[in-house]
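This report concerns only the one structure given below.
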Amino acid sequence: MARRRASQFLAGYCCSQSHSLVRRPPLCSQEPASISAPGLPHTHGKATSMFKPPSKLYRKLNSQTSCDIMQVHYSRTYGIHQRSFTSAAINIQRSPSFSKLNSDDIGYFKSMLGDKNVVQDEDRLSAANVDWMRKYKGSSQLLLLPRNTEEVSKILHHCNSRHLAIVPQGGNTGLVGGSVPVYDEVIISLASMDQIISLDKVNGILICEAGCILENLNSFLANEGFIMPLDLGAKGSCQIGGNVSTNAGGLHFIRYGSLHGNILGLEVVLADGTVLDMLGTLRKDNTGYDLKHLFIGSEGSLGIVTKVSILTPPKLLSTNLALLACKDFLSCQKLLLEAKRELGEAISAFEFMDSDAMDMVLAHMDGARNPFPSSSYNFYVLIETTGSDESYDKAKLEAFLLRSMEGGLISDGAIAQDINQASSFWQIREGMSEATVKAGAVYKYDLSLPVEKLYDIVEEMRPRLGEKAKVVGYGHLGDGNLHLNIITKQYDNNILAQIEPFVYEWTSTHRGSISAEHGLGLMKADKIHYSKSPETVQLMASIKKLLDPSGILNPYKVLPQSMLQ
Ligand SMILES: Cc1cc2nc3c(=O)[nH]c(=O)nc-3n(C[C@H](O)[C@H](O)[C@H](O)COP(=O)(O)OP(=O)(O)OC[C@H]3O[C@@H](n4cnc5c(N)ncnc54)[C@H](O)[C@@H]3O)c2cc1C
1 MARRRASQFL AGYCCSQSHS LVRRPPLCSQ EPASISAPGL PHTHGKATSM
51 FKPPSKLYRK LNSQTSCDIM QVHYSRTYGI HQRSFTSAAI NIQRSPSFSK
101 LNSDDIGYFK SMLGDKNVVQ DEDRLSAANV DWMRKYKGSS QLLLLPRNTE
151 EVSKILHHCN SRHLAIVPQG GNTGLVGGSV PVYDEVIISL ASMDQIISLD
201 KVNGILICEA GCILENLNSF LANEGFIMPL DLGAKGSCQI GGNVSTNAGG
251 LHFIRYGSLH GNILGLEVVL ADGTVLDMLG TLRKDNTGYD LKHLFIGSEG
301 SLGIVTKVSI LTPPKLLSTN LALLACKDFL SCQKLLLEAK RELGEAISAF
351 EFMDSDAMDM VLAHMDGARN PFPSSSYNFY VLIETTGSDE SYDKAKLEAF
401 LLRSMEGGLI SDGAIAQDIN QASSFWQIRE GMSEATVKAG AVYKYDLSLP
451 VEKLYDIVEE MRPRLGEKAK VVGYGHLGDG NLHLNIITKQ YDNNILAQIE
501 PFVYEWTSTH RGSISAEHGL GLMKADKIHY SKSPETVQLM ASIKKLLDPS
551 GILNPYKVLP QSMLQ
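The structure is reproduced here in structure tokens:
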């Protein structure tokens, strides 16, 4: 095919609709604009059925609660491989210092919360006892649904005085076994605390309760001309309190940064029921220690987040999204560097996936379509830019892609022409986690690494595991965050022994972090020393003991048990 100028094929789309960028049903079947690398044929098929409605798996269904949603998830048969990572499997004994629930406790909770918010029903309990991957499973006999901060405070005061262990639960989408009990901890769900309290439209500051679902907040804000500063594939189920407690990163981290920068204030209930009012709304406030940061990313081990004050950026009207194919990882890496230089502040997402990850999504996610049907490439990159001047933003991206294609960094590419095509591209990236869970038993590693080293671990892991496992790599390349996923037929301790501690040692040697954004939870509580010095871990343990002397808050998680006895 004759070489054509990339700009002939490019088209942006204006994101002025009130709907969020992803998960919007298609209105038309227009093909994405394509770009063709010099000497390479166009690879986009002619089929107009390329764009199918995105998966609704995470969308909140009508007025269902989070608990109902979890039941919907688990009632579908995916052949998911379940393994109980509790008790013997993780070599942790139930702490003898914790009491067992008795009828007086239940009576107290019912008198305070009302019968319907004290859940003992087996079906609802079994949904809340198991995590999203169906890998971690507890045996709690009680799920509590407080409706306000005062009720959370009374619950914790009672549990603390009775030495009853608890686990705070948000949307239960966590990927490290932090959101479910290990033994019989009481589950405290924030699902009923889902009120938006205020939006300061002058300063873009939202105050809401911790149980608000991320996607609902984004929909509310979109109508007011703002967006949430974070976006993740689990947006339809995860709660802002869970996001804060895991310090979630996600797809827009490259643009809007960490929650440590965006959270302006928190209300937190401590283990003894004390309510800490830190619900500030100021950008600058240097009065003493900024304690809210202790709770951001502490995974429910220091307190329960009940209210959140968060900075929300203005919603910009022009969004462009390109799905690009690259021949090798070095090209992806160079593309990132060039994109940062040339597109600068306009980049709002820079994601990558290898061809095995792409194949996995295509095989397991309904409606996922590869826009490059006739060729396969080794790597794929998603670049999203967002700005306020449609023609300028589009021209800037076009010029960048043209130069990158001529320079050989991009082998092929497609530009979304409307919001439906953008949804289709995002569906590939956002479907990745679910596809790996459907594909078999998955070992998930969420590593922070220098970008130039980021893919080496994938290449080292493949020959190490041979035919026994499928090793895929994808993630937030713009933030140096690799999701290394290893999929096997079933969970197997021999395979695990070939992966760990190798993966942690490798990461530590390269001065990376063993948890970029998912947290430590139960999975990595005793692995923290791979990323933090002994003195630092010791100080963390002292803080935990100070704030939660009886250790009732999310026990067995985040820190090694041995340091808390
Ligand atoms: C498909 C998919 C995609 C994902 N993509 C990303 C991604 O891009 N980036 C990312 O960072 N994560 C991602 N995750 C992981 C997960 O969605 C995040 O960790 C999310 O922030 C968890 O929120 P949640 O409400 O579901 O919390 P849960 O899973 O319920 O809980 C997570 C932890 O926080 C604690 N917790 C929850 N609520 C509170 C509260 N109010 N107060 C105190 N502690 C609390 C729990 O005890 C637990 O330790 C993804 C998960 C899935 C399934």
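Take the sequence shown: its letters are residues 1 to 565, numbered as in UniProt numbering. Ideal placement from N, C-alpha and C gives every residue a C-beta, glycine not left out.
{"Query": "On the CB-based measure, 16 or more other CB atoms within 10 Å of its CB, does residue 511 come out buried or exposed?", "Result": "exposed"}
{"Query": "Can you tell me whether residue 322 is buried or exposed, with buried defined as 16 or more other CB within 10 angstroms of its CB?", "Result": "buried"}
{"Query": "Kindly examine ligand 1 and report whether one of its heavy atoms sits closer than 7 Å to the Cβ of residue 304.", "Result": "yes"}
{"Query": "Hey, how far is the Cα of residue 441 from the Cα of residue 135?", "Result": "9 Å"}
{"Query": "State the Cα-Cα distance for the pair residue 362 and residue 325, rounded to the nearest angstrom.", "Result": "16 Å"}
{"Query": "Give a yes or no on whether the C-beta atoms belonging to residue 257 and residue 519 are separated by under 8 Å.", "Result": "no"}
{"Query": "Given a threshold of 16 other Cβ atoms within 10 Å of its Cβ, counted over all protein chains shown, does residue 197 qualify as buried or as exposed?", "Result": "exposed"}
{"Query": "Are three or more beta carbon pairs between the segment 235 to 253 and the segment 162 to 182 nearer than 8 Å?", "Result": "yes"}
{"Query": "Counting only beta-carbon atoms, is residue 139 nearer than 8 Å to chain D?", "Result": "Judged by its chain identifiers, the structure shown contains no chain D, having just a single protein chain."}
{"Query": "Any heavy atom of ligand 1 within a distance shorter than 7 Å of the CB on residue 246?", "Result": "yes"}
{"Query": "Let me know the secondary structure DSSP gives residue 120 once reduced to three states.", "Result": "coil"}
{"Query": "Closer than 7 Å to a non-hydrogen atom of ligand 1 - does that hold for the CB of residue 557?", "Result": "yes"}
{"Query": "Select from 126, 107 and 127 the residue whose C-alpha is nearest the C-alpha of residue 118.", "Result": "107"}
{"Query": "Following the continuous alpha helix (DSSP H) through residue 332, name the residue where it begins and the one where it ends.", "Result": "329 to 342"}
{"Query": "Helix, strand or coil: how does DSSP classify residue 52 here?", "Result": "Reliability of the predicted coordinates at residue 52 is poor, the pLDDT of 24 falling under 50, and no value is obtained from them."}
{"Query": "Considering only heavy atoms of ligand 1, does any lie closer than 7 Å to the CB of residue 173?", "Result": "yes"}
{"Query": "Since I believe residue 236 is in contact with residue 312 (beta carbons under 8 Å), could you give me their beta-carbon distance rounded to a whole number of angstroms?", "Result": "No, residue 312 and residue 236 are not in contact; Cβ-Cβ is about 19 Å, not under 8 Å."}
{"Query": "Examine the Cβ distances between the segment 299 to 313 and the segment 258 to 266 and report whether three or more of them are shorter than 8 Å.", "Result": "yes"}
{"Query": "With three or more C-beta pairs closer than 8 Å as the rule, is the segment 282 to 294 touching the segment 147 to 160?", "Result": "no"}
{"Query": "Using the DSSP secondary-structure output, state which residues sit across from residue 163 in a beta bridge.", "Result": "DSSP, once it has assigned bridges, lists no residue as partnering residue 163."}
{"Query": "On the CB-based measure, 16 or more other CB atoms within 10 Å of its CB, does residue 354 come out buried or exposed?", "Result": "buried"}
{"Query": "Have a look at 359, 415 and 559 and flag the residue whose alpha-carbon is nearest the alpha-carbon of residue 567.", "Result": "Residue 567 cannot be examined here, being either before or after the span of the chain that is shown, 1 to 565."}
{"Query": "Taking Cβ to Cβ, would you say residue 339 is nearer than 8 Å to residue 251?", "Result": "no"}
{"Query": "Only counting the same chain, and skipping five residues up and downstream in sequence, which positions put a Cβ closer than 6 Å to that of residue 503?", "Result": "445"}
{"Query": "Would you mind giving the Cβ-Cβ distance between residue 429 and residue 382, rounded to the nearest angstrom? I have them listed as a contact below 8 Å.", "Result": "6 Å"}
{"Query": "Should residue 417 go down as buried or exposed, given a rule of 16 or more other Cβ atoms within 10 Å for buried?", "Result": "buried"}
{"Query": "If residue 299 and residue 478 are in contact, beta carbons under 8 Å, what's the gap, nearest whole angstrom?", "Result": "That belief does not hold up - the Cβ atoms of residue 299 and residue 478 are roughly 25 Å apart, past 8 Å."}
{"Query": "Going by the CB atoms, is the gap between residue 206 and residue 221 shorter than 8 Å?", "Result": "yes"}
{"Query": "Reducing DSSP to helix, strand and coil, say where residue 547 ends up.", "Result": "helix"}
{"Query": "Taking the alpha helix (DSSP H) that residue 481 belongs to, which residues open and close that run?", "Result": "Element bounds for residue 481: not the alpha helix (DSSP H) but the beta strand (DSSP E), 481 to 488."}
{"Query": "Grab the span of the beta strand (DSSP E) containing residue 447 for me, first residue to last.", "Result": "441 to 448"}
{"Query": "Buried or exposed for residue 131, going by 16 or more other Cβ atoms inside 10 Å?", "Result": "buried"}
{"Query": "Does the distance between the C-beta of residue 554 and the nearest non-hydrogen atom of ligand 1 fall short of 7 Å?", "Result": "yes"}
{"Query": "From residue 471 to residue 458, what distance separates their C-alpha atoms?", "Result": "7 Å"}
{"Query": "On the DSSP letters alone, give me the boundaries of the alpha helix (DSSP H) that residue 503 sits inside.", "Result": "502 to 509"}
{"Query": "Assuming residue 254 is part of the alpha helix (DSSP H), what are its boundary residues?", "Result": "253 to 256"}
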